[in-house]
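Student: In UniProt numbering, the protein residues as written are 1 to 101. The beta carbon of each residue, even a glycine, is placed where N, CA and C say it ideally should be. Sharing a structure with you now.
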């Protein structure tokens with residue numbers, strides 16, 4: 001079985017850990033660094049107030065923009081030219097329903 005070694009350096013501090021995959025080795029190294037680091041911890045962030053707390057109400061536009069951002073592609077919206085009105089000719093010989101005998 002292959003064992004991988006990962007080294008993490010933060011400032012002057014260095015940590016090493018092993019794992020059976022790169023990801024497991026990275027997680028082990030990060031856990032060691034979190035436990036042993038002497039660097040100051042950042043202040044906890046205040047929770048964001050979500051105006052729209054209903055996750056099922058995401059519009060398709062927002063969802064598409066999110067997918068495009070994840071792919072690194074721009075979502076470009078362009079207004080289409082309005083379709084020309086068909087050449088409508090009124091039938092002036094029509095008398096209406098009540099006048100047909």
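Could you have a look at residue 2 and say whether DSSP puts it in helix, strand or coil?
Tutor: coil
Student: Cutting at 8 Å between CB atoms, please list the residues of its own chain near residue 22, excluding the five before and the five after it.
Tutor: 4, 6
Student: In this structure, does DSSP put residue 113 in helix, strand or coil?
Tutor: Any property of residue 113 remains undetermined from this structure, which presents the chain solely from 1 to 101.
Student: Indicate whether the contact test is met: 3 or more Cβ pairs, each with one atom in the stretch 6 to 16 and one in the stretch 37 to 51, closer than 8 Å.
Tutor: Yes, the stretch 6 to 16 is in contact with the stretch 37 to 51.
Student: Can you give the beta carbon distance from residue 20 to residue 2, rounded, assuming they're within the 8 Å contact cut?
Tutor: 7 Å
Student: Indicate the three-state DSSP secondary structure (helix, strand or coil) for residue 66 in the structure shown.
Tutor: Here residue 66 sits in helix by DSSP.
Student: Quick test of your reading: residue 25 and residue 31, contact by CB under 8 Å. State the CB separation rounded to the nearest angstrom.
Tutor: 11 Å between Cβ atoms; not a contact.
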